[in-house]
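S.K.: First residue of the sequence shown? That's 416 in my numbering, and the numbers climb one at a time after it.
Glycine included, every Cβ here is placed at the ideal spot set by N, Cα and C.
Being a predicted model, the structure only gives us computed values, none of them experimental.
Input: one structure, supplied below.
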Amino acid sequence: MTQDTLLARASHEEAGTRWWRDAVIYQVYVRSFADSDGDGVGDLPGIRSRLPYLAGLGVDALWLTPFYVSPMADFGYDVADYRDVDPLFGTLADARDLIADAHGHGLRIIVDVVPNHTSDKHAWFQAALAAAPGSPERARYIFRDGRGPEGTEPPNDWESVFGGPAWTRLPDGQWYLHLFASEQPDLNWENPEVHAEFADILTFWLDLGVDGFRVDVAHGMAKAPGLPDVGHANQVEMLGTAVLPYFDQDSVHDIHRAWRRLLDSYDGERIAVAEAWAPTPQRLAHYTRPDELHQAFNFHYLTAAWDADELRQVIEESLATAGEVGAPATWVLSNHDVKRHVTRYGDGEQGLRRARAAALLTLALPGSSYVYQGEELGLPEVLDLPEEFQQDPQRLRGEGAGRDGCRVPLPWDGEEPPFGFGAGAASWLPIPTAWRDLTVAAQTADPASILALYREALRIRRDHPSLSDGELRWEASPPGTLVFVRENGGRRLACAVNTGTRTARVPLNGTPLLASGPIHVAGGHAELPPDTALWWDAEEV
Ligand code: GLC
Numbered sequence: 416m417t418q419d420t421l422l423a424r425a426s427h428e429e430a431g432t433r434w435w436r437d438a439v440i441y442q443v444y445v446r447s448f449a450d451s452d453g454d455g456v457g458d459l460p461g462i463r464s465r466l467p468y469l470a471g472l473g474v475d476a477l478w479l480t481p482f483y484v485s486p487m488a489d490f491g492y493d494v495a496d497y498r499d500v501d502p503l504f505g506t507l508a509d510a511r512d513l514i515a516d517a518h519g520h521g522l523r524i525i526v527d528v529v530p531n532h533t534s535d536k537h538a539w540f541q542a543a544l545a546a547a548p549g550s551p552e553r554a555r556y557i558f559r560d561g562r563g564p565e566g567t568e569p570p571n572d573w574e575s576v577f578g579g580p581a582w583t584r585l586p587d588g589q590w591y592l593h594l595f596a597s598e599q600p601d602l603n604w605e606n607p608e609v610h611a612e613f614a615d616i617l618t619f620w621l622d623l624g625v626d627g628f629r630v631d632v633a634h635g636m637a638k639a640p641g642l643p644d645v646g647h648a649n650q651v652e653m654l655g656t657a658v659l660p661y662f663d664q665d666s667v668h669d670i671h672r673a674w675r676r677l678l679d680s681y682d683g684e685r686i687a688v689a690e691a692w693a694p695t696p697q698r699l700a701h702y703t704r705p706d707e708l709h710q711a712f713n714f715h716y717l718t719a720a721w722d723a724d725e726l727r728q729v730i731e732e733s734l735a736t737a738g739e740v741g742a743p744a745t746w747v748l749s750n751h752d753v754k755r756h757v758t759r760y761g762d763g764e765q766g767l768r769r770a771r772a773a774a775l776l777t778l779a780l781p782g783s784s785y786v787y788q789g790e791e792l793g794l795p796e797v798l799d800l801p802e803e804f805q806q807d808p809q810r811l812r813g814e815g816a817g818r819d820g821c822r823v824p825l826p827w828d829g830e831e832p833p834f835g836f837g838a839g840a841a842s843w844l845p846i847p848t849a850w851r852d853l854t855v856a857a858q859t860a861d862p863a864s865i866l867a868l869y870r871e872a873l874r875i876r877r878d879h880p881s882l883s884d885g886e887l888r889w890e891a892s893p894p895g896t897l898v899f900v901r902e903n904g905g906r907r908l909a910c911a912v913n914t915g916t917r918t919a920r921v922p923l924n925g926t927p928l929l930a931s932g933p934i935h936v937a938g939g940h941a942e943l944p945p946d947t948a949l950w951w952d953a954e955e956v
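Here you go:
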């Protein structure tokens, strides 16, 4: 069957199926996934060469982090040309080939779009720098005069997410706003030119065949009128817990409504997922109202502790708030901005045990799940990267430990770094030698590996009708545990998780399907050791 026939069949079969409501979407951090040309940096042909691995893993779609032309001040989240591929990552032809090949493997492609800011090397910002204060060129960004007698104080008290003031002063005396690094000037979304430009950028990639967008900083484009002071220092501590004059403003939703109309004008259910650090699940749900984006990352789940009560509360709240607007909930444990969850959950053996149990919990929940590359290998955060390799602007600007430790390249095979990541001698961040046992090849040979667990869980998730979009029913269970049932099409799958410190006994009314660790089954019960989860095919009770 030709690729066109395959695609035509896929789009015919899936028309109207709302594929995204229960899709498992794998995040490819392009720089660190697979390197085809031996320069130590991952690239698009590298991803293409690993599509069989991703299809075999059993995910539905890939989200690719930015691969556009960029000076890489924030590793691609500073875009200089939104319609072309950075030579480090390949060419536009490579992007086309990757999209076509992924579709041939039954994998959809979601690309990142970065609308809150551009790179300072973007033609628009360069023109703004060359133009005078008050010019139309400067009106595409947020330029202001400073405060104080000589204008030497920033226009307001806003702080950069990466630390320090959110304003940088130019030699001519004006200041420009950058909520992130100074190389990432914020766009002025009150300017119709900015709207038109981004509609055109989205159209460019939709025409190239992408299935959707991950919208970077989707809560940031609209700023409060008059740019009022926050009135507090350490604003980074308020991120995701308060509405700030620069984040989660109500007017940002008009932009998303316009984008939804554009997406809906295409066939094939093209989607958008919001990266929005909203203070509450209620406010997060605003991003997924029926005329807005399709999904929003659930960072409340990501930040929850490994604790049955806390997890249950987040799950219930997420399902309820997403349900109210008719959107699927999403579940995410890790991404390229946060400490990997093996390490968050305690690191070492314990962290890995919990990560295995968390995989079964997450993949049994109603809605769409995100898998960050390497989580299927149980990769921990690399906490001891040599100083000279640490390049994250967040760390360089003084905010936190930095995000390099979750971005270390994937180990594919072999006994020595860079473990098949690329043909070169090294990778842009060094891979720990201890990852010899965590390579894809090593884990493929081991039926007890976390990779084998993910493959099996994803296979069951695809085949078991109860795990499609739908309801969840909680069952009574001992303290420190969660037990719920999913039911659909006359089939039931139950999931039990023990986050406690003692073995828990849960009633088992059916046939075990998959366990995250050793369990004991006897007399209609399962004994779950701490940090263990179990799926079973449940009979009606
Ligand atoms: C998002 C990205 C992060 C980036 C920031 C600025 O939070 O996930 O990696 O640094 O936006 O674009």
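Taking the straight line between their C-alpha atoms, what separation do you get for E831 and S842?
M.R.: Roughly 12 Å between the two C-alpha positions.
S.K.: Mind listing, in chain order, the continuous beta strand (DSSP E) runs of no fewer than 3 residues lying wholly within the segment 630-697?
M.R.: With a minimum length of 3 residues, the continuous beta strand (DSSP E) runs that stay inside the segment 630-697 are 686-689.
S.K.: Would you mind sorting W573 into buried or exposed? The rule is 16 or more other CB atoms within 10 Å of its CB.
M.R.: Buried, because 16 or more other Cβ atoms sit within 10 Å of the Cβ of W573.
S.K.: So which of D884, P927 and W590 has the shortest CA-CA distance to R562?
M.R.: Checking every option, the nearest Cα to that of R562 belongs to W590.
S.K.: Assign F613 to one of two classes, buried (16 or more other C-beta atoms within 10 Å of its C-beta) or exposed (fewer than that).
M.R.: Result: buried.
S.K.: Given A857, which residues of its chain have a CB within under 8 Å of its CB, disregarding the five upstream and five downstream residues?
M.R.: Answer for A857: D828, R851 and S864, listed in chain order.
S.K.: Is there at least one non-hydrogen atom of ligand 1 closer than 7 Å to the beta-carbon of D512?
M.R.: Not so, every heavy atom of ligand 1 lies at least 7 Å from the Cβ.
S.K.: In terms of alpha-carbon separation, which member of H518, A515 and V445 lies closest to Y483?
M.R.: Closest by alpha carbon: V445.
S.K.: Kindly indicate which three-state DSSP category V615 falls into: helix, strand or coil?
M.R.: Strictly speaking, residue 615 in this sequence is Asp, with Val absent from that position. Of the three classes helix, strand and coil, the one that applies to D615 here is helix, per DSSP.
S.K.: Tell me, to the nearest whole angstrom, how far the beta carbon of E684 is from that of R433; I am working on the premise that it is less than 8 Å.
M.R.: Yes, E684 and R433 are in contact; Cβ-Cβ is about 7 Å, under 8 Å.
S.K.: If the criterion is Cβ atoms closer than 8 Å, does the pair S733 and Y760 meet it?
M.R.: For S733 and Y760, no; Cβs fall outside 8 Å.
S.K.: What ranges does the alpha helix (DSSP H) occupy inside the segment 782-851, keeping only unbroken runs of at least 4 residues that lie completely in it?
M.R.: DSSP runs (the alpha helix (DSSP H)) wholly in the segment 782-851: 808-811.
S.K.: Could you tell me if F836 is buried or exposed, where buried requires 16 or more neighbouring beta carbons within 10 angstroms of its beta carbon?
M.R.: It counts as buried.
S.K.: Straight-line CA distance for E902 to A779?
M.R.: Rounded to whole angstroms, E902 to A779 spans 11 Å at the Cα level.
S.K.: If we count the other Cβ atoms within 10 Å of its Cβ and call it buried at 16 or more, is T758 buried or exposed?
M.R.: Buried, because 16 or more other Cβ atoms sit within 10 Å of the Cβ of T758.
S.K.: Measure the C-alpha to C-alpha separation of V576 and G813 and round it to an integer number of angstroms.
M.R.: Cα to Cα, V576 sits roughly 10 Å from G813.
S.K.: Would you mind giving the Cβ-Cβ distance between P880 and R906, rounded to the nearest angstrom? I have them listed as a contact below 8 Å.
M.R.: Correct: roughly 5 Å between the Cβ atoms.
S.K.: Can you have a look at E802 and say buried or exposed, based on whether 16 or more other CB atoms are within 10 angstroms of its CB?
M.R.: So E802 ends up on the exposed side.
S.K.: Between the C-alpha atoms of Y702 and D493, what's the straight-line distance to the nearest angstrom?
M.R.: Looking at the two C-alpha atoms, the distance is approximately 24 Å.
S.K.: Tell me the DSSP secondary structure of V625 in three-state form.
M.R.: Looking at V625 - three-state DSSP - the assignment turns out to be coil, as it is neither helix nor strand.
S.K.: Can you give me the C-alpha to C-alpha distance between L887 and V500, rounded to a whole angstrom?
M.R.: The alpha-carbon atoms of L887 and V500 are separated by roughly 42 Å.
S.K.: Please state whether DSSP places W950 in a helix, a strand or coil.
M.R.: Three-state DSSP puts W950 in a strand.
S.K.: E598 to A488, Cα distance in whole Å?
M.R.: Spanning the two alpha carbons is a distance of roughly 7 Å.
S.K.: Could you check the C-alpha separation between G431 and G471 for me, to the nearest Å?
M.R.: Distance between the alpha carbons of G431 and G471: 25 Å.
S.K.: At the level of alpha carbons, what is the spacing between G655 and Q697?
M.R.: Spanning the two alpha carbons is a distance of roughly 12 Å.
S.K.: Establish whether the CB of T848 and some CB of chain D are separated by less than 8 Å.
M.R.: Looking at the structure shown, chain D is missing, and only one protein chain is on hand.
S.K.: Is it right to say R771 is buried, meaning 16 or more other beta carbons lie within 10 angstroms of its own, or is it exposed?
M.R.: That one is buried.
S.K.: Could you tell me the alpha carbon to alpha carbon distance between L811 and D752, rounded to whole angstroms?
M.R.: Going by the C-alpha atoms only, they are around 15 Å apart.
S.K.: Under 8 Å, with one C-beta from each stretch per pair, do the segment 859-873 and the segment 910-927 reach the 3-pair mark?
M.R.: No: the two stretches stay apart, fewer than three of their Cβ pairs being nearer than 8 Å.
S.K.: Taking the CB atoms as reference points, tell me whether A687 and L699 lie closer together than 8 Å.
M.R.: No, the pair does not count as a contact, with Cβ atoms beyond the cut-off.
S.K.: Which of the three DSSP states, helix, strand or coil, is assigned to L873?
M.R.: Here L873 sits in helix by DSSP.
S.K.: Apart from the five residues on each side of it in sequence, which residues of its chain come closer than 6 Å, Cβ to Cβ, to L479?
M.R.: Result list for L479: V443, V445 and V526, in chain order.
S.K.: Hey, which unbroken runs of the alpha helix (DSSP H) at 4 residues or more fall wholly within the segment 520-548?
M.R.: The qualifying runs are 538-545.
S.K.: Under the three-state reduction of DSSP, which class applies to G925: helix, strand or coil?
M.R.: Correct three-state label for G925: strand.
S.K.: In angstroms, rounded to a whole number, what distance separates the CA positions of L776 and L726?
M.R.: Between L776 and L726, the C-alpha separation is close to 10 Å.
S.K.: With DSSP as the reference, please indicate the residues paired to W746 in a beta bridge.
M.R.: According to DSSP, which records beta bridges pairwise, W746 is partnered with S784.
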